[in-house]
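*Asks:* Before anything else, here's the structure in question.
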Ligand SMILES: [Zn+2]
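In the working numbering, the protein residues as written are 1 to 110.
Here it is as structure tokens:
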């Protein structure tokens, strides 16, 4: 087997592996996981169960990656950011509020 030499391939594979690990832990099953260039956000979850992650999330800290991955996966259970959503975030990523502050400070290139 040839190891991919394209950096974006390995970033994508690494992010998808993180999604797989968390999906098992959270007992959710995303229909499709996409990793692509996103300029305005780090991730999204569609109502049809597709999780999309920004490819450059791979360059961020593991804690921040977990924060984004868990956030999007939890939307498969809870479609809003209400009390239940926040409680599940705290249960799985106890320091998520710190990461949320970091996220708000990011200026995404356009
Ligand atoms: Zn959200």
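Where is the CB? At the ideal position from N, CA and C, for every residue including glycine.
Could you check what DSSP says for residue 10 in three-state terms: helix, strand or coil?
*Replies:* If DSSP states are grouped into helix, strand and coil, residue 10 belongs with the helices.
*Asks:* Could you pull out every unbroken alpha helix (DSSP H) segment of at least 4 residues lying fully inside the stretch 25-95, listed in chain order?
*Replies:* Here the runs fully enclosed are 62-74, 83-92.
*Asks:* Residue 53: buried (16+ other C-beta within 10 angstroms of its C-beta) or exposed?
*Replies:* Residue 53 should be labelled buried.
*Asks:* With a CB to CB cut of under 8 Å and the five nearest residues on each side skipped, what residues in its chain are close to residue 16?
*Replies:* Cβ within range, chain order: 33, 35.
*Asks:* Should residue 75 be listed as close to ligand 1, given that the test is whether its C-beta is under 8 Å from any heavy atom?
*Replies:* Yes.
*Asks:* Should residue 71 be counted as a contact of ligand 1 given a C-beta to heavy atom distance under 8 Å?
*Replies:* Yes, Cβ of residue 71 sits closer than 8 Å to a heavy atom of ligand 1.
*Asks:* If we count the other Cβ atoms within 10 Å of its Cβ and call it buried at 16 or more, is residue 101 buried or exposed?
*Replies:* Residue 101 is exposed by the Cβ-count criterion.
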